[in-house]
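All remarks here apply to the structure that follows.
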Amino acid sequence: MYSEKVVEHFTNPRNMGEMEDADAVGKVGNPTCGDLIWIYIKVKDDIITDVKFKTFGCAAAIATSSMVTELTKGKTLKEAYQITRNDVADNLQGLPPIKMHCSNLAADGLHKAIEDYLRKTGRTIEDLK
Ligand code: FES
């Protein structure tokens, strides 16, 4: 039921683990299944230089988190904020319909991490170039 890409990211997740010196963190939970994701980012000159994730979740949650970190690294905060759950699913060659909500988590976690960073630097998303 999963694409090759999902299986590949689930069995070999990229950028997994906690980041001790993160500049910002986004945490999201899925009320339906109880799964949790943390996305950690390091930022320099509004560019995401490093990103990691930690998750207590299903195979899709792990694969989508891994994909989000790959899509995010090296992007500006604004570009990363525009990454959607569909981008995540598309880059994983699709997700089974009942698993689409799982990709929501990773994208939301990333958006929250960016919002956390902006809050810490006294800005909002509208301030980004
Ligand atoms: Fe909970 Fe996938 S079943 S995130």
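Under the working numbering, the sequence shown has 575 at position 104, and the numbering climbs by one with no breaks.
For each residue, glycine too, the CB sits at the ideal point set by N, CA and C.
From a predicted model like this one, the values you see are computed outputs, not experimental measurements.
query: Is C504 buried or exposed, if buried means 16 or more other CB atoms sit within 10 Å of its CB?
result: C504 comes out exposed.
message: Assuming contact is defined by CB atoms lying nearer than 7 Å, are M538 and H480 in contact in what I supplied?
response: It is a contact, given that the beta carbons lie within the stated cut-off.
- prompt: Under the criterion of a Cβ to heavy atom distance below 6 Å, does A532 qualify as lining the ligand FES?
  reply: Answer for A532: yes, Cβ within range of the ligand FES.
message: Please report the distance separating the alpha-carbon of G497 from that of I510.
response: Taking the straight line joining both Cα atoms gives about 5 Å.
query: Taking the Cβ atom as the reference point for each residue, do A495 and Y588 lie within a distance shorter than 7 Å?
result: Yes. Within cutoff.
- prompt: Less than 6 Å between the CB of D506 and some heavy atom of the ligand FES, yes or no?
  reply: It does: the Cβ of D506 is within 6 Å (strictly closer) of some heavy atom of the ligand FES.
field: Distance cut-off 6 Å: L576 Cβ against heavy atoms of the ligand FES
entry: Because some heavy atom of the ligand FES lies under 6 Å away, the Cβ of L576 counts as near it: yes.
- request: Kindly identify the DSSP beta-bridge partner or partners of M487.
  value: In the DSSP output, where bridge partners are listed per residue, M487 has F524.
query: Got a sec, what are the start and stop residues for the beta strand (DSSP E) L507 sits in?
result: Its beta strand (DSSP E) spans residues L507 to K515.
message: Below 6 Å, is the gap between the Cβ of G497 and the nearest heavy atom of the ligand FES?
response: G497 Cβ: outside cutoff for every heavy atom of the ligand FES.
message: Between the stretch 556-567 and the stretch 508-522, can you find at least three pairs of beta-carbon atoms closer than 8 Å?
response: Here the stretch 508-522 does not lie against the stretch 556-567, with fewer than 3 beta-carbon pairs under 8 Å apart.
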